[in-house]
Structures are given as C-alpha cells and as structure tokens.
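First residue of the sequence shown: 869, per this note's numbering; consecutive thereafter.
We treat Cβ as the ideally placed atom computed from N, Cα and C, and that holds for glycine.
For clarity, every value in this text was computed on a predicted model and none was experimentally measured.
Remarks on the structure that follows.
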Amino acid sequence: MSAFADRHIGPDTTDTERMLGAIGYGSVDELMDAAIPEVIRWHGPLQLPAAATEPEVLAELRGFAARNRVLTSMIGLGYYGTHTPGVIKRNVMENPAWYTAYTPYQPEISQGRLEALLNFQTMVCDLTGLSTANASMLDEGTAAAEAMTIARRSSKAKSMVYAVDADTLPQTIEVIATRAEPLGITVEVFADGQLPQEFFGVHLQYPGASGALIDHSALIEAAHAQGALVTVAADLLALTLVREPGAIGADIACGSAQRFGVPMGYGGPHAGYLAVRAGLERTLPGRLVGVSKDVEGNRAYRLALQTREQHIRREKATSNICTAQVLLAVMASMYAVYHGPDGLRGIARRTHAMAARLADGLRAGGVSLAHDHFFDTVTAVVPGRAASIVAAAEELGVNLRLASEDRVGIACDETTTEAVLANVWQAFGVEPSTVEAEALILKRDSDFLTHPVFRTHHSETAMLRYLRQLSDLDYALDRGMIPLGSCTMKLNATSEMEAVTWPEFANMHPFAPAHQAAGYADLIDQLEAWLAEITGYDTVSVQPNAGSQGELAGLLAIRGYHLANGDDHRDVCLIPSSAHGTNAASAVMAGMRVVVVACDDTGNVDLVDLDAKIEQHSDSLAAIMVTYPSTHGVYETGIASLCAKVHEAGGQVYVDGANLNALVGFAKPGKFGADVSHLNLHKTFCIPHGGGGPGVGPVAVREHLAPHLSAHISAAPHGSAGILPISWSYIRMMGPTGLAAATGVAVLAANYVAARLRDHYPVLYSGNKGLVAHECILDLRPITKSTGVTVDDVAKRLIDYGFHAPTMSFPVAGTLMVEPTESEDLAELDRFVDAMIAIRREIAAVAEGQWPAGDNPLVNAPHTAAMVSGDTWDHAYPRSVGAYPAGVKRVGKYWSPVRRIDGAYGDRNLVCACPPPEAYA
Ligand SMILES: Cc1ncc(COP(=O)(O)O)c(C=O)c1O
C-alpha cells in the first residue's frame, strides 16, 4: 500500500490485528467476504492508476494548473474577481478548525460557526433590506429556483406562470426552467417590463445581466396588484450603494456572496443567499441560525425552525437542500466583518468608478453603450464586431463577455486596475479616459451593517483574534473523532487541500473560453472516469453541488427517460421508510409521487411490502430510491432481487451513494443492478464538511440515462469545480489498493466498535453473520425507557468526554448511529468506546438511585468551565465528575462554551440576526 494510504488509514498493522482479533476474523479480506453478500460482490482490482506519492501528486496538479490560463476576467454574469484578505484565506479557508467542522446540529459545540453564520444572515438582511435570511444556498441559480417555489407556495394567484426578466443571468434562467418543468410551472421570459397576462411570481435581476440599473418599483407594484410575489436577484456589492430590494418592494431577494472574498473557482463553491420579507420566514428553505439561550439563560445560537425539515417532513418538505455552503458563507461574512460598511462602500465606489471611466472612454471613442445607468458592468453595442473585440481583448489578457454578435459585456470588480482598463480600451480601439462619469441612480439612503461586529474587527490583529476566538469555541476533526453515521467524517488530508487556493484553480471564471481551462478539463475528465470505474456506471457528471442536487439530477434523468419512452404515466417513486429525508423531497421536486415501502424487523426493505407496492402501482412505477448499504448500516442481501423486481415492473433503480465508503473496491452499484446514483464527494472522497458545506454530489448513470442528464442542475457547468482537486488527489494518492483497504478498515472499525459496545448498548441491526457495514446503530430506547436517560443526554455527555456525538435519531428515533471511518486509529476508537462504556455506568448509577434523575452528570451535560468553577456547587455529584469524567485529561480538555441549549425557546422567540449590543451585556 502507498505511504499516503498508510497515513490516511488510522489503524496500523498491529492495530488492525487487534481489532480483527476482537471480532474473531483472521484478515480484513475474510471479514469483507463474510460481510458483503456475494451477489453484489465485485472481485478484482479497480482499473485506476497505481498510487502516487504526495510530492508526485502535487507535481501532477502543478501540471494541470499550468494548463489553465487565468486571464483577467471581465465576463461578469455573477462571478467576479475579488481579493480574499490573507487573514481570511489562511485562517478560515485553509484552517482545519473551520473546514473540518460538521454541520452545527450539536449547537453547544458549534457556537463559533453559528456566530459567523448569524453574521452572514445579518449581512444579507441588512444589504437586501429584508427581515430574514438563511445561512446560505448552493449558488445563485438554485437560490433563484427556490425563490420561485416560495412564490408558488405563498402567492394567492392561481396561475402556474413564472415571469422571468430577460436581463436575468442566462444560467439562472436555465436552472429555474429545469426546476419549473417537473412542477408544472411554465417559465415566461419577458423584456422591457412587459409582464405576461397572468403569473404567480416575477424574477428580476438587479442590476441586470447586461449591467442595466433600472428602477423596478413600478413593475413590482404592478406584480403585487396581481397577487404575485417578486424576487429580486441582487448583487450584494451593488447594494452598498443602490437602493435595497426591500426598499423597492421585493418579497424575496437572492443571489451570490462570491465577490465577498471567495475566489471564483471555475464556478464554485461560494455561498448563494436567500432572504425574505416578514411573513415568509416559515417558507424559507435551508438552514436558519437563530438565537436562543442555554439552561442558565445565557445567549446561545442554534439552528432554528425548519432547519432539518426535509428530514422530518420528507415529501412535504419545501426543498431538498441539506448540505449548503457554510465555509464560504463564513468567508463572505468575515469579508464584511473585516471591511465593515465603510470599507465595502469604498470597494463598491471604486468598482463603480472604474466602470464609469471605462464607459466614458468607450463613449468618447464613439462606441455606444446599451445603458446609461449601471453599477459595475457596461454593455457596448458594436454591430458585427463583438467577436473580434472579445478576441482582441483575449490577446491582451482580458476576457470580456460575448453577449451577442453585436454586444460585448464588460464587468469591473475590486481587482480592476488602470492597466486592465487600458487593455479594454485598446481592444475596442479607443483612447483612454480619465473622466469618471457617475452612472448610479437609485442611491441607497439607509444605513447597513450597523451592528458592532461589523465595526470592530478592522485591523488584522483584531480580525485574527476574532477568528481564533470563534474557532476555539468549536469542536472539529482537528480536535478528535466525529463518529457521525451517514456522514463519513474521515481525514481531509492537507495535501489534498493544497491546490484549491492556487490561483490557476481559484481564479478561473466558469464561462472562460474552454481552451483557457484545459487543465481543469483534464482533471475533471479523469475524476469523472475514475468515479465511473469505482461505481460501475457509464457516465458521471460532477455538476451537482451537493448530494441533494445529485439526487434531483438522477431523478430528473429517470423522468426524462420515461417521458422519452412515452411513459408519461410513470411517476411513482418507491422510497423505503428508512431513507434519508432528502430522497423524498427530491422525488417531489422531480415531479414524482412518493410511496413508502416498509422495512422489516431486521431493518431491511420488506420485500413482501415491496411486491405489494409494485403490484399496486405497476402502471405508474417510475423508480425506487434505496440507500446501499442501507441507512441502517447493513449490507442487505435482498438488494439484487429488489433491483430485478423493480426493473421487471418497468421502473428504474436509484441507489443513494451516500454510503459508498462501505463499497469502494468491493461492490459497484452500476454493476449490481442500479441505474443511477449520486455520490457525496464530501463524505467518501475527502472534501471536508466545512461546517455544513461545501459539497459535491456527482450523479452517475448507466448508458441509457446519460442522454437525459440535465445540463442545468447547478448554475456553473462543473458546479463546485474549485474543490474537485481534493477528491482527485485522494484517489490518485490512495490508488486502487489503498481505496479498497480504506473500505475494509472502515468496515472493520464499525464492527470493532459494535463488538465492544454490544454488551452495553444493543446494536439495532446487523446483516450476514451478525456483521454491520461501515456504521452501527446503538439502540438507546430500552435504556431510556428503563432509566429516563435520553439519547440527548448521552450526546451532550459525550461533549464532556471530548467527543462530537454520533448521529442522533436518524434513521431511527432514540438511537445513535456511529460511523468511525478508516481514518481513526485504535487509540481514538478505544477512547470513544471507553467513554461510551463509562457513560453507560453513569446511566446505571442513575438507574440505581445513586444520583437523582433530575440532577446527575448526564442531564446536566455539557458542563462548562464557568459552571464547574462557580462559587457554589449544589449538585448531587462532585464538580470533578462533571468536568473531568473517567479518563478525561485535565490538560487540553475541550470545554463546551455554553450549557444545554433550549431550542424551543428560540423557535418561539425567533431572532435570526445579530442581537443588539445590549443583549451582550
Ligand atoms: C443517505 C443520504 N442521502 C443523501 C444525503 C444528502 O446529501 P447532501 O447533504 O450532500 O445534500 C445525505 C446527507 O447527509 C445522506 O446521508
């Protein structure tokens, strides 16, 4: 095995032998032979290049980078050059304390990133002039599509027409159209303010894709008079100078925060945003951070309202979004914190001044412009000359937008310099200008970012300390194991991350001419081919920028396939009761009806119920969506027959590949009967979780579905291309042997944990020979019933022991799902197991009456430093038991910054922006 694989995989040979001994197997191969049903087993090495060393891989990446030619981008269209402040680049983007954290579902240990996200929400609310913003969307296009569905749900108008202004970003129109079709919504593109006859919602771009800055207030009023809702897709930098969407009557605002310090990355990742006016907050999809309090009444943040709604509401959920863009939202919020309102205004003014000078020079040289009013983008009208001007600019190192044969778009940004302007003028054959002909109308007259957080951390010292202060509050993989079932929180190796911030990858515009992005093309082609080999499918697209988006892409491909065959009536999607909530939500978004298939007592899909459901819906069966190994962490033996039954009935099989870490090198969904899968590169293939994103959710299909893959699931052609070097590097450094070894050790680790904990907590489900796959479910329900100690108590007590809790109550309420991954060594696995056993002893002490049910270390967990060092201590157990439970070292202990948080209080008293300074007193 490669030297890298040896470092990626935690247990060494001695550890592995001890673990195998504990579960009674002689080798990992023997274990895998026993665990994986032979009917799906794939034997033989993956056809992938042999592992390369870290230096070799970095050299190969340098080769790709060298084949990317990064020119100055003035293409605009929602993607702009930006200066990422060094202090943010190094201390957020490249800092594992931020990038290896998990989604803040355990809020007590996520206060740092929750505060950063609250800052993001506050920034978006302030800039858009709307009352509630969520904590990020996947990109502008998908945020606009979500805005459309908010409008449909909230408008009283009966119409199914969505009116989209022609001056909207072209990729946004495509994403909206892709999402509208299966929902029965017709998109009508209108120009010059000429609204269609009837509609339930209107989408406007502000400023327009052409750069035009138009006062939309009258049009918005007219739309409201028809009972429609209006979304304004607005540029956040422009909003520091021009009137905010809320002030011109918008109900919803959406857009991108990319130009707030997040490199373009050939299309992503960056944070999309979505904000709504008062009254619509309960329809807002995605994650919403809110302010609540802990049991001592101290201010504490947590995710509010419908945040996990698709997990709970499934097919009734408003959206399928799960993984979002947390790391990038943190970066954008910190850009606003660092620059403050005056700094941002200054950047915007300078950007506008550049555009104004550019315009003046063009006009003076006889070039007419399409609009008089603009913020940063001008459109030159050059009949028949557009292509030659764009080509001339390229020669001079600048990419302009070829808007049509007759029009060239030119977007300025904070990186635009005098020299760049000179090149643009030269490409047009005009003389330079020094005149700044101000072209702003609709000047903003309200203040923004008034909260002290945006007015305090403007020196680098202050900023550095603020970032450190926040990340110190959080628990991430850089502190210890995060054994979250279904999430695969494995090592995100530093060398995998390195290329992400190289300028040749970071600064490429997604619509740069293809010949400038040859390095990216090669890397993406290779990665897609490797993923096809690993999964056994024919075609892979890396465009979906989260698992949920891969699901939608896959289901839309199934829909397209049935429609192409004239099977319009096939619209039923069978989904087992154990499925992840996104599955059902995605099926509805793909225009399907969800029919639930039961699971049997052993957690497997109930094949008898499956037969019944197939028979009941035989004419209308479109697909089944199953996760494999199941969300119960078991290799179900019935999978091949399940696939055959659905195929016989004319349906397609979607295998949710979120659990691929249990299959790589041992089974290929595309070969054991499935037609389509999505993968989560942010699980199996090492893209760090970023505190809740970014992610990449490639869709993989067999040949017959390939023609039906949509080109517009995400706004950018290759989605979050900027982070693909991470997964590419992982596969390249592991090689075929290393990848299979990782799977084997992941399964070994889960079985080791299950074996050691089985006598203390029942392991809910197991498959062949009593083995689990790569995760195991610990059933706390009988313990809760007999002792009153809940799964929450155990999760919070684990914090005192220095752990992030396993996945709580998914897929079975009242249980914990543990996924150790291959990256944790035996010492860390044992530390976790020992903590769980010690907690079990504490539970027994409560049951035996040694500690009262209402006052024991479990119900009071987590314990803060303030609590255990207070002047009084009137609990039924010593302070030391609260603070330093069995085995916890006094030096280097992680302290939860808050005590247990009251979530319901925050939902009743909803506050989703930074509280006023008085609240901090
Ligand atoms: C089984 C399963 N399916 C789908 C998803 C959705 O993936 P994402 O969060 O990337 O949208 C998840 C995410 O946790 C999952 O565990």
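Check, Outcome
"Is any heavy atom of ligand 1 found at a distance shorter than 7 Å from the C-beta of Ser1004?", "no"
"Within the present structure, is the beta-carbon of Ala1458 separated from the nearest heavy atom of ligand 1 by less than 7 Å?", "no"
"Excluding the 5 residues preceding and the 5 following Ile1792 in the sequence, name in chain order all residues of the same chain whose CB lies nearer than 6 Å to its CB.", "Only positions 869 to 1789 of the chain appear in the structure, and residue 1792 is not among them; the question remains open."
"Taking its Cβ as the centre, do 16 or more other Cβ atoms sit within 10 Å of Gln979, making it buried, or is it exposed?", "buried"
"Considering Cα atoms alone, identify which of Gly1277, Leu1308, Asn1267 is closest to Asn1291.", "Asn1267"
"Could you tell me which whole alpha helix (DSSP H) segments of length 4 or greater appear in the stretch 1232-1286?", "1254-1263"
"Buried or exposed for Asp1033, going by 16 or more other Cβ atoms inside 10 Å?", "buried"
"Would you say the beta carbon of Asn1548 comes nearer than 7 Å to a heavy atom of ligand 1?", "yes"
"DSSP three-state label for Met1005, please.", "strand"
"Since His1576 and Gly1418 should fall inside the 8 Å C-beta cutoff, what is the C-beta to C-beta distance between them, to a whole number of angstroms?", "The Cβ separation is near 14 Å, so there is no contact."
"Which residue from Leu1475, Tyr1405, Arg1021 puts its Cα closest to that of Leu1573?", "Tyr1405"
"Following the continuous alpha helix (DSSP H) through Pro1371, name the residue where it begins and the one where it ends.", "1371-1374"
"Would you say the beta carbon of Ser1416 is closer than 7 Å to some non-hydrogen atom of ligand 1?", "yes"
"Among Pro1300, Phe1068, Gly1561, Thr950, whose alpha-carbon lies nearest the alpha-carbon of Met1376?", "Thr950"
"From Ile1402 to Leu914, what distance separates their C-alpha atoms?", "7 Å"
"Quick one: using the 10 Å Cβ neighbour count with 16 as the cut-off for buried, is Ile1180 buried or exposed?", "exposed"
"Tell me the DSSP bridge mates of Pro1444?", "Val1465"
"Give a yes or no on whether the C-beta atoms belonging to Gly931 and Val1198 are separated by under 8 Å.", "no"
"To which residues of the same chain is Val992 closer than 6 Å at the C-beta, ignoring the five residues directly before and after it?", "Ala1001, Tyr1141, Ala1143"
"Along the chain, where does the alpha helix (DSSP H) containing Thr884 start, and where does it finish?", "881-891"
"Considering only C-alpha positions, which residue in the set Leu1547, Gln1073, Ala1721, Val1727 is nearest to Arg1665?", "Val1727"
"Is the distance from the Cβ of Ser999 to the Cβ of Ala890 below 8 Å?", "no"
"Compare the Cα-Cα distances from Asp874 to each of Lys1481, Pro1251, Leu1607 and report the closest residue.", "Leu1607"
"Could you give the C-beta distance for Phe1373 and Gly1590, rounded to a whole number, given that I count them as a contact under 8 Å?", "6 Å"
"By Cβ distance, which residues of its chain are closer than 6 Å to Tyr1203, with the 5 residues on each side in sequence left out?", "Phe1128, Gly1129"
"When the Cα of Val1473 is compared with those of Leu1646, Leu1442, Phe1067, which residue comes out closest?", "Leu1442"
"Is there at least one non-hydrogen atom of ligand 1 closer than 7 Å to the beta-carbon of Thr1658?", "no"
"Closest to Asp1543 by C-alpha separation, out of Gly997, Asn1724, Val1657, Ala1400, would be which residue?", "Ala1400"
"In the DSSP assignment, the beta strand (DSSP E) including Ile1492 goes from what residue to what residue?", "1489-1495"
"Please name the residue in Ser1023, Tyr1669, Ile1492, Glu928 whose C-alpha comes closest to that of Ile1350.", "Tyr1669"
"Would you say the beta carbon of Asp1007 comes nearer than 7 Å to a heavy atom of ligand 1?", "no"
"So, with DSSP's three-state summary, where would you put Leu1549?", "coil"
"Checking the sheet assignment: what are the DSSP bridge partners for Asn1166?", "Answer by DSSP bridge pairing: none, since Asn1166 is not bridged."
"Would the beta-carbon of Pro1730 fall within 8 Å of that of Ser1764?", "yes"
"Would you say Leu1097 and Gly1076 are within 8 Å of each other, going by their C-beta atoms?", "no"
"So the alpha helix (DSSP H) Ile1705 belongs to, where does it begin and stop?", "1694-1715"
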